[in-house]
Each structure stands twice: as C-alpha cells, then as structure tokens.
Amino acid sequence: MFIGLLLLNVFAILFWNFIWKRRKLPPGPTPLPLMGNLHQLANFPDHGGAGAYTHFAKEYGPVYTLWLGEDPYVIVTDYELIRSIFLLNFNEQTSGRHFFGIAQFVSGTHGIYGITKTHGEVWLYLRRYALSTLRNLGMGRSRLSDEMLIGLREVSAKLRSDIKQNGPCNIDLSKLISVLNGSSISMLLFGHPLEEANNWREDMDDFWKVKAQISILFRMFSWWLRHFPPFSTTFKLIDQTLTAAYDLVDKEIAKIEKRANLSRIYVPFRWWTNFWIQFKTNYAIANGFLPKCDAQAEDYSDWLCSAIDLEHRPFLPYTNAVINETIRLVNLVPFNFAHLTLDEVKIGNFIVEPGTPIVPQVSKVLFDEKLYPEPHQFRPERFLDDMGQLKKSDELIAFGIGKR
1 MFIGLLLLNV
11 FAILFWNFIW
21 KRRKLPPGPT
31 PLPLMGNLHQ
41 LANFPDHGGA
51 GAYTHFAKEY
61 GPVYTLWLGE
71 DPYVIVTDYE
81 LIRSIFLLNF
91 NEQTSGRHFF
101 GIAQFVSGTH
111 GIYGITKTHG
121 EVWLYLRRYA
131 LSTLRNLGMG
141 RSRLSDEMLI
151 GLREVSAKLR
161 SDIKQNGPCN
171 IDLSKLISVL
181 NGSSISMLLF
191 GHPLEEANNW
201 REDMDDFWKV
211 KAQISILFRM
221 FSWWLRHFPP
231 FSTTFKLIDQ
241 TLTAAYDLVD
251 KEIAKIEKRA
261 NLSRIYVPFR
271 WWTNFWIQFK
281 TNYAIANGFL
291 PKCDAQAEDY
301 SDWLCSAIDL
311 EHRPFLPYTN
321 AVINETIRLV
331 NLVPFNFAHL
341 TLDEVKIGNF
351 IVEPGTPIVP
361 QVSKVLFDEK
371 LYPEPHQFRP
381 ERFLDDMGQL
391 KKSDELIAFG
401 IGKR
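If you read the sequence shown in our numbering, its first letter stands for residue 1, the second for the next number, and so on.
In structure tokens, the structure reads:
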C-alpha cells in the first residue's frame with residue numbers, strides 16, 4: 001500500500017513537472033523539479049552565460065522557455081522579433097514587470113517600488129518623475145559632463161602620481177573610478193563631493209554580494225527559505241541593512257523635501273555605474289587601446305593626453321568603435337529584466353497567456369554570428385566603415401530596447 005502511494009506521488013510529480021506545467025508554453029530544455037534549467041545554464045559560464053541562449057536558440061528556435069526554479073520565462077532571442085515586440089508594437093500587453101526578489105519581504109521597504117519593479121499607473125508616474133528629475137539634475141546638458149570633467153582631471157593627476165610612486169602594475173582603478181563617479185553624482189544630488197576617505201564602498205560591495213547570493217537562492221527555492229538556517233541569518237542581515245537605510249531616509253524627509261526619493265536612487269545607481277565604468281575602462285584599455293597604440297595614435301592621443309567632452313565625439317571614430325565593441329562584449333546584463341504579459345500575446349508562432357514572464361534576451365543578439373562575425377573576438381573595426389568612420393549599429397542594444 002505504502003509503495004503504491006509512493007509510486008503514485010512520484011508519477012504525479014513527474015507528470016506535473018515534465019508535461020502539465022509546460023503544456024501552454026513554447027518548447028525548451030527539460031527542467032528539473034525545483035531547479036528548473038539552472039544546472040544547464042551553469043554549463044555556459046563564459047560571457048555571462050550567453051552561450052547557453054545561443055545553444056538553446058539553435059535547438060528550439062528564436063522563442064523558447066527556460067525555467068529558473070519553478071518560474072517559467074519565455075526567451076526571445078531574434079533581434080527583429082525583439083524589436084517588433086518591445087519597440088515597434090510595444091503596448092500595455094507586455095508592459096508588466098515580473099519581479100521576484102527579497103524586496104517584497106523586507107520590512108523597511110514597505111512593499112515593491114521603483115521603475116524596474118512596478119508596472120501600470122505606478123510605473124508611468126515613477127517614469128515621468130524620474131525623467132523630469134534627471135533632466136533637472138543635468139541629464140542631456142553640459143552640467144553633468146562638466147562635473148565629470150572636473151573630477152576626471154583630479155583623477156588623472158592622482159593616477160599619474162600613483163604610477164610614479166608605485167608603478168603601472170599596482171594601480172587600483174576601481175577605487176579612483178568609484179570616487180570620481182560617486183563625487184559627480186553626490187555633487188548633483190546633494191551639493192557636495194564624495195570624499196575619498198569615506199570607507200562605505202567596501203561595506204556596500206559586501207552588501208551587494210550578499211544580496212545577489214540570496215536573490216539567486218530565492219529564485220531557485222522560493223521565498224520560504226528565509227525561515228530556515230543558514231539562509232535565515234543572511235536574510236536577517238539584508239533586512240536589517242535595508243531597513244536601517246530606509247529609516248535614515250525617512251528621517252531626512254522632515255529636513256529636506258524629496259530627500260527620500262534622491263537617496264533611494266543614489267546607492268543602487270552609483271554601485272551599478274561604478275561596476276560598469278570600471279569594467280569598461282579596464283577592458284577597453286587592455287583590448288582596445290594598448291594593442292593598437294601605434295596604428296591608431298592619431299585618433300585617441302587627444303583622448304589619452306587631454307580632457308575632452310561630448311563635442312569631440314564625432315572626431316574620434318576609433319575611440320567610439322572601441323567603446324561600442326566593449327559594450328557588446330562586456331554583456332553587462334546577461335539575463336535581462338523580465339516583462340510580464342498582462343494579456344494574451346502572440347510571440348512568433350506562439351500564443352503566450354497572461355501572467356507569463358517574457359525576456360528580450362539581448363545577450364544572444366550581442367553574440368549573434370549573423371550580426372557580428374566571430375562574436376567572441378574583440379574587433380572594434382566591425383563598427384567602422386571603409387572610410388574609417390563610425391557606422392550606425394541598431395543591433396547594439398546592450399542596455400535593452402524600448403520603454404522598459
């Protein structure tokens with residue numbers, strides 16, 4: 001009797017996992033219970049797992065389903081299809097946001113807010129407010145570049161001094177870039193620069209590492225893990241840290257109106273921008289400028305030897321090509337933010353039901369051999385025409401596409 005019930009339960013679980021829950025979704029690799037396809041993604045560690053999306057696209061086509069834990073994601077990998085769905089024909093049907101992270105369980109956040117985590121009227125309001133605030137802070141104006149230029153000169157002087165003292169091989173660019181970037185943002189938001197003596201960068205690095213780890217665990221094994229050790233200890237640390245930060249912001253509201261909104265965007269924006277600038281700077285120097293310094297000296301000598309601004313950009317085609325190629329190869333967001341279908345949507349040859357997460361998988365486009373021959377090679381020349389001028393590349397969508 002017991003063996004019969006056990007076999008029946010095993011059969012029910014297998015039927016649910018391999019057949020029933022997948023019946024209305026595009027085809028894709030077979031998921032394991034609880035794990036989904038995470039074990040298969042782990043087999044493609046290079047370039048943030050971009051090889052996995054290319055591999056699955058060859059086997060299942062440009063639209064397929066991946067499972068992260070027990071959550072299905074419809075992956076769209078073809079550029080023209082992505083452009084059609086998320087740009088040309090973007091509407092409320094695909095404007096939802098599928099978000100499953102720890103913020104909804106942290107007491108200090110009072111729920112899920114933010115442009116990347118909301119949809120509907122809340123998202124529209126936040127988007128309008130954010131764009132208005134960023135414009136007031138200098139986005140699209142010379143003020144922002146002026147602040148960066150002043151800081152860049154200071155960093156350049158500090159860098160030369162450090163090279164003379166310690167040599168070029170013992171320089172930590174990440175610290176210099178962090179101070180430069182943080183000071184520029186701090187000047188715009190709060191009116192004072194970020195002092196290098198501030199040591200909270202290390203604390204924030206540790207915090208974001210822990211947060212990333214627990215976010216992955218939540219996607220794999222769902223929210224209930226926060227109640228069990230050792231995950232409960234990690235979650236408690238996250239909860240206390242975030243709650244303390246939000247409590248501090250709440251106190252500032254009484255002093256300066258809107259201080260809360262500015263402070264809430266400062267920490268994640270600065271961390272994300274630091275990471276991006278540090279990686280791109282190191283990658284571009286190592287792969288773009290140093291190996292080609294003789295052949296292309298006339299192009300980027302000004303870039304290296306003097307401070308320039310955006311008005312010089314048209315005169316530096318090779319520099320722009322290196323930046324484009326670095327953006328492509330860095331693969332900053334290996335797995336893009338998932339949209340949520342709010343109504344029935346046709347994606348390629350499939351009808352996707354409401355409430356289904358869909359992902360414009362940009363990393364697949366960036367490493368598409370049809371668009372970029374030898375995609376894993378660093379070749380800035382692919383962005384230059386026969387005259388050595390910068391070519392327009394609509395397919396370079398490293399930061400996503402469309403309003404979301």
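Every residue gets a Cβ at the ideal spot worked out from N, C-alpha and C, and that includes glycine.
Per DSSP, the unbroken alpha helix (DSSP H) holding Y318 starts and ends at P317 to V330. The C-beta of A321 has 16 or more other C-beta atoms within 10 Å across all chains shown, which makes the residue buried. According to the DSSP secondary-structure assignment, G96 is paired through a beta bridge with L340.
Shortest Cα-Cα distance from F15 to any of L81, F86 and T30 involves T30. By the criterion of at least three beta-carbon pairs nearer than 8 Å, the segment 339–351 is in contact with the segment 67–84. The three-state secondary structure of G36, taken from DSSP, is strand. For P354, the secondary structure class from DSSP, reduced to helix, strand or coil, is coil. By the CB criterion at 8 Å, I358 and V74 fall inside the cutoff. Less than 8 Å separates the beta-carbon of N37 from that of L66. Rounded to the nearest whole angstrom, the CA to CA distance from Q389 to N324 is 13 Å. Distance between G167 and S156, taken at the CA atoms: about 15 Å.
Proximity to G355 across M35, K251, T94 and L32 peaks at T94, based on C-alpha coordinates. A straight line joining the alpha-carbon of P317 with that of L384 spans about 7 Å.
Spatial neighbours of G51 in its own chain (CB-CB distance under 7 Å, excluding positions within 5 residues in sequence) are listed in chain order as F44.
Residue pairing of L68 in beta bridges, as defined by DSSP: G36 and D71. Of the candidates T241, P27 and V10, the residue whose Cα lies closest to the Cα of P62 is P27.
Going by beta carbons, P360 and N331 fall outside the 8 Å limit. Listed as beta-bridge partners of L41 by DSSP are no residues whatsoever. DSSP lists F350 as the bridge partner or partners of I347.
Ranked by Cα distance from I401, the options V362, E369 and T341 are led by V362. In this chain, A398 is not harboured by any alpha helix (DSSP H), its DSSP state being neither H nor E. Check the Cα spacing between H376 and each of I327, R127 and I19: the tightest is with I327.
Looking only at G151, G69 and F18, the smallest Cα-Cα distance to S186 is reached by G151. L371 and E395 have their alpha carbons spaced roughly 8 Å apart.
If the five residues before and after H98 are omitted, its C-beta is found closer than 6 Å to the C-beta atoms of A338, L340 and P357, all from its own chain and listed in chain order.
DSSP places L390 in the strand class (E or B) of the three-state scheme. Nearest C-alpha to Y60 among L25, I3, L88 and E70: L25.
DSSP places S363 inside the alpha helix (DSSP H), whose first and last residues are V362 to L366. Under DSSP, L7 forms no beta bridge with any residue. Annotation: F235 to T243 spans about 12 Å, alpha carbon to alpha carbon. DSSP, read as helix, strand or coil, puts L384 in strand.
Looking at the backbone, the Cα of K391 and that of E344 are separated by about 38 Å.
Rounded to the nearest whole angstrom, the C-alpha separation of Q40 and P72 is 15 Å.
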